[in-house]
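Only one structure is covered here, and it is reproduced in the block below.
There are 2 protein chains.
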Amino acid sequence: VERPNSDPARERSPGVVDEFTLIERLRLRFEKAAGAGSPPGETWIGDDAAVVALGEEPIVLTTDLVVGGVHVDLALGGPEDAGYKSLMVSLSDLAAMGARPRYALVSMAAPPGTELERIGAGIAEAAAETGCVIVGGDLSGAPVLVVSVAAVGVLEGGPEPPALLRSGAVPGDTLFVTGTLGGAAAGLRRLRGVEGSPDGSAGSAPELEARFLRPRARIVAGEVARRAGASAAVDVSDGLAADVGRVGEASGVGIALDGVPVEPGATLEEALYGGEDYELVVATGAPSQLLAAFEEAGLAAPRPIGTCTARADQRTLAGEVLEPGGWRHSF
Amino acid sequence: VERPNSDPARERSPGVVDEFTLIERLRLRFEKAAGAGSPPGETWIGDDAAVVALGEEPIVLTTDLVVGGVHVDLALGGPEDAGYKSLMVSLSDLAAMGARPRYALVSMAAPPGTELERIGAGIAEAAAETGCVIVGGDLSGAPVLVVSVAAVGVLEGGPEPPALLRSGAVPGDTLFVTGTLGGAAAGLRRLRGVEGSPDGSAGSAPELEARFLRPRARIVAGEVARRAGASAAVDVSDGLAADVGRVGEASGVGIALDGVPVEPGATLEEALYGGEDYELVVATGAPSQLLAAFEEAGLAAPRPIGTCTARADQRTLAGEVLEPGGWRHSF
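Protein chains in written order, with this note's numbering: chain L, 1 to 331; chain D, 1 to 331.
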C-alpha cells in the first residue's frame, strides 16, 4: 500500500514539484491559452474526464498513462493483463462521469522484445467486453513500456442529466460505493508473494489477483447512477480516502464515512488506501431512487458508506479522522 | 537522415517485428474486437487520423507519442520546444485529414527533475496559436520523457466534402506540397553541430532550426484543400518518399515525382528522406481549383511535385526509381 509520498524528503527538495501543484499550474496555462475557462456545459481539466460540446450530445474525453514499473509490472501478470488494464482504467474515468465509452486511441512505447501484440490482445479483450472501438494509435521505441489510452465517450440520451462531476455533491447526500474495496491491493500483495492477510482472514487468491490484474470499469453503474439523479461520482483509483476526499474538495462538502465494505482477504488499510479497485463512489440526494435504479438494471446493490456534511473540512471514518493517503507522483 | 532501418540485422532476428507488421496485426485484433470493420463514413486505423460519427459532424481523432531520445532531444532545444512540437505533430495529422483541431488531451511521463511546466508552456503556445483547447491529461513518473497527445478535430461544415484520406487519389491526380522540404532535417543537422550543407548551399540556420524544433501544422491548408475538392492528403512526417508512398499504396496508384522544392540550406536527400517537415502532400484532380482556393485563402501557392499514375508500383523521381526510405521502429 503506497502512502502519501514514498519519499517526503524529496518532496521538500527545491525544484521538486508535486503532481497536483503541477496540474494546477498547467491548468492555468492551458486555460490562458484557450483565452477563457470552460463555457457552461463543458468541463475541462480537473475531473475524471473532460466534457465538451461537439454536435448534439456532449462528448466526454479522458486519457491515462500506464508506465511499466510504475503502474504495471509485467513480471506480476501477463502482457495481456497489462493491456486489458490500460484500457479499463481509462474507461473507468468515463464510467465515473456517467458516460458510455465509444472510441479509444491506444499508443504504446516499448523497448525491443516487448510483446506488444500480446498487450494489444488484452486491449482487444477489454474493448470487446465494453463495446469500445479502438480506432487509432501510435507505436514507438522507448527504454520503458508506456501505454497511453485516450477514450471518447458520450452521455447517452443527450446532455440531461449532465455528467457526474466531482463537484456536484451537497451536504446531506448519501455516499455509496458500487462494490467491495481493497481487493486490488490484496491481490497485488499476494502476487508479490507477501504472506496472506495480516488479519488472518481468508480470501480467494485468484479472485483477488484478478481484481488487481483485470479491473472492470463500472460502466453500466455509472450510467445508471447518472440517470437516477446522482449528484457526483469518482472512481476509486488512488484509494477510497484520497478519491472521496476529491469529491469533498471539489464539492466543498465534508465526508463522514460510517464504514466501508472490505473485500474478503483484504485489510481495512487496503480498502481505504490501496486504490485500483475501480469501483465507483456515488453521491446522491435520492438514495432510494439510486437503489431502485441499480436493482432495475440488474446490478448488485450499491453499499451506503456515509454522508456528505456541511463541515467542508471534515474527513472522518466512524467519527475518527481519516488520513487522505493516496499515491502522488512528484517531478 | 534516418534510412529504412538502422539495424537491418536486428530486423531479421526471430521474434523482432516491424512497426507496420505489428500495426496490421493489431488492426485486425481491434477490428475483430469491434465485431466488424468501420462502417461507411468512418475510417479507423490506417490513416493519419480516425474519422468517427458522433453527432452531426464527423469527428476526427488522432494520437502521437513523443519519446525523449527517440523523437525529441531536450539537449537540442528547450523543453518549450519539445512541448510545442508534441502538440503540433498531432495537429498535423488532423490537418492532413482536412479537419480543424478543437480539443486535445496531453499526458506526460518523465523522470524527476524534468521541467514539465516548461514543456507545458510550449504546449500552451501551440494550443493558443491553433485554437486547440487542452481539456485534460495525465502525469506520471517514468525513467524517460514521454509526451502523448490525443487530439479531436471536426470536419467543419459537416461531412461533405469528406476527410482527406490517403486512399482517395486516382491516376491522373496532380500531387502538390504546401512548402519546401528538408528544412527540419537540415536544422537537426545544424543543431547537432555537423558542418553546413554538404552541397555548399547557404541557408539561415535559425530558420532551419525552427523548422525542426517548432514545426507548424498546416491546418488552414488542409481545410482549404478539402473544400477545394482534393482527393487525398498526407503530412510529411517520416519523409516525403515514405509518406507519398503511403498515398500510392493506400490509393493503389503509382507516384511519378518531377522534382521537389528543397529548403535553402537543405540537401535533396534531406528533402526526400528527412521527414518532420509537416508540410502536406495533397492529391487532386482539380489542380487549378486547388491553386485558386489557396490564393483566395491567402496561403502560399502549393508546389506541384508530380502526378499519380495507373502503374500502381511506380515510385519515381524524374524518371529514376525513388527508394521509399523513412523511419520505422521495430520491437
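Cβ coordinates follow ideal geometry from the N, Cα and C atoms, glycine included.
Candidates the options: closest to residue i by CA position
| i | options | result |
| --- | --- | --- |
| L257 of chain L | L:S38, L:V281, L:D238 and L:L22 | L:V281 |
| L26 of chain L | D:P171, D:V16, D:E19 and D:S107 | D:S107 |
| G225 of chain D | D:A99, D:P79 and D:L28 | Note that residue 225 of chain D is Ala in the sequence shown, not Gly. Looking at the Cα atoms, D:A99 is the closest of the given residues. |
| G113 of chain L | L:A283, L:S140 and L:A95 | L:S140 |
| R137 of chain D | D:G131, D:Y103 and D:V144 | For clarity, residue 137 of chain D is Gly in the given sequence; the question names Arg instead. G137 of chain D has its Cα closest to that of D:Y103, out of D:G131, D:Y103 and D:V144. |
| L94 of chain D | D:E115, D:Y84 and D:T63 | D:T63 |
| A233 of chain L | L:R211, L:V170 and L:E207 | L:V170 |
| E323 of chain L | L:R192, L:V262, L:V244 and L:L213 | L:V244 |
| A184 of chain D | D:V133, D:S237 and D:A301 | D:S237 |
| T180 of chain D | D:A142, D:T267 and D:G131 | D:T267 |
| R29 of chain D | L:E270, L:G187 and L:G83 | L:G83 |
| G274 of chain L | L:A217, L:L188 and L:G254 | L:L188 |
| A150 of chain D | L:L105, L:E160, L:V52 and L:G68 | L:L105 |
| A101 of chain L | L:R192, L:A217 and L:L165 | According to the sequence provided, residue 101 of chain L is Pro. The question's Ala does not apply to it. Closest option to P101 of chain L, Cα to Cα, is L:A217. |
| V52 of chain D | D:D81, D:M97 and D:H71 | D:M97 |
| V89 of chain L | L:G285, L:L116 and L:G122 | L:G122 |
Rounded straight-line distance, which links the Cα of residue j to that of residue i
| i | j | result |
| --- | --- | --- |
| R315 of chain D | A126 of chain L | 41 Å |
| D73 of chain D | D235 of chain D | 22 Å |
| E296 of chain L | A230 of chain L | 16 Å |
| G265 of chain D | G182 of chain D | 9 Å |
| A293 of chain D | A228 of chain D | 6 Å |
| R190 of chain L | V247 of chain L | 31 Å |
| V321 of chain D | S148 of chain L | 39 Å |
| G158 of chain D | P58 of chain D | 7 Å |
| V220 of chain D | L76 of chain D | 29 Å |
| Y278 of chain L | A49 of chain D | 30 Å |
| V144 of chain D | P79 of chain D | 14 Å |
| E129 of chain D | K32 of chain D | 39 Å |
| T178 of chain L | P162 of chain L | 20 Å |
| G41 of chain D | G153 of chain D | 16 Å |
| T43 of chain D | G319 of chain D | 34 Å |
| L65 of chain D | G259 of chain L | 43 Å |
| S201 of chain L | P261 of chain L | Bear in mind that the predicted position of S201 of chain L carries a pLDDT of just 49, short of 50, making it too unreliable to give a figure here. |
| I134 of chain D | G46 of chain L | 12 Å |
| L240 of chain D | S38 of chain L | 39 Å |
| R211 of chain L | V16 of chain D | 32 Å |
| S92 of chain D | R311 of chain L | 49 Å |
| D173 of chain L | V253 of chain L | 10 Å |
Beta carbon proximity, residue i to chain D, threshold 9 Å
| i | result |
| --- | --- |
| R216 of chain L | no |
| M336 of chain L | In the structure as shown, chain L starts at 1 and stops at 331, and residue 336 of chain L therefore has no counterpart that could be examined. |
| S167 of chain L | no |
| A230 of chain L | no |
| I219 of chain L | no |
| G69 of chain L | yes |
| V152 of chain L | yes |
| L257 of chain L | no |
| P287 of chain L | no |
| D243 of chain L | no |
| L61 of chain L | yes |
| A310 of chain L | no |
| D81 of chain L | no |
| G275 of chain L | no |
| L139 of chain L | yes |
Assigned exposure category for residue i - 16 Cβ within 10 Å defines buried
| i | result |
| --- | --- |
| S288 of chain L | exposed |
| D313 of chain L | exposed |
| E24 of chain D | exposed |
| R214 of chain D | buried |
| A36 of chain L | exposed |
| G298 of chain L | exposed |
| P206 of chain D | exposed |
| E156 of chain D | exposed |
| G193 of chain L | exposed |
Chain L contact for residue i (CB, 9 Å cutoff)
| i | result |
| --- | --- |
| Y103 of chain D | yes |
| F331 of chain D | yes |
| F30 of chain D | yes |
| L26 of chain D | yes |
| G251 of chain D | The identity of residue 251 of chain D in the sequence shown is Ser, whereas the question assumes Gly. Judged by the 9 Å Cβ criterion, S251 of chain D is not in contact with chain L. |
| V52 of chain D | yes |
| L208 of chain D | no |
| S38 of chain D | yes |
Residue i beta carbon near the ligand COA (any heavy atom closer than 8 Å)
| i | result |
| --- | --- |
| L268 of chain D | Of the ligands one can find in the structure shown there are none, so the ligand COA has no counterpart to examine. |
Could you give the uninterrupted runs of the beta strand (DSSP E) lying entirely in the region 111 to 146 of chain D, keeping only those of 3 residues or more? Every beta strand (DSSP E) of 3 residues or more that sits fully in the region 111 to 146 of chain D is shown, in chain order, as 133 to 141.
At which residue ranges does the region 247 to 307 of chain D contain complete beta strand (DSSP E) runs of 3 or more residues, listed in the order of the chain? Segments of the beta strand (DSSP E) lying fully in the region 247 to 307 of chain D: 254 to 257 and 280 to 284.
Going residue by residue through the region 183 to 237 of chain D, where are the continuous beta strand (DSSP E) segments of at least 3 residues, counting only ones entirely within it? Here the runs fully enclosed are 232 to 235.
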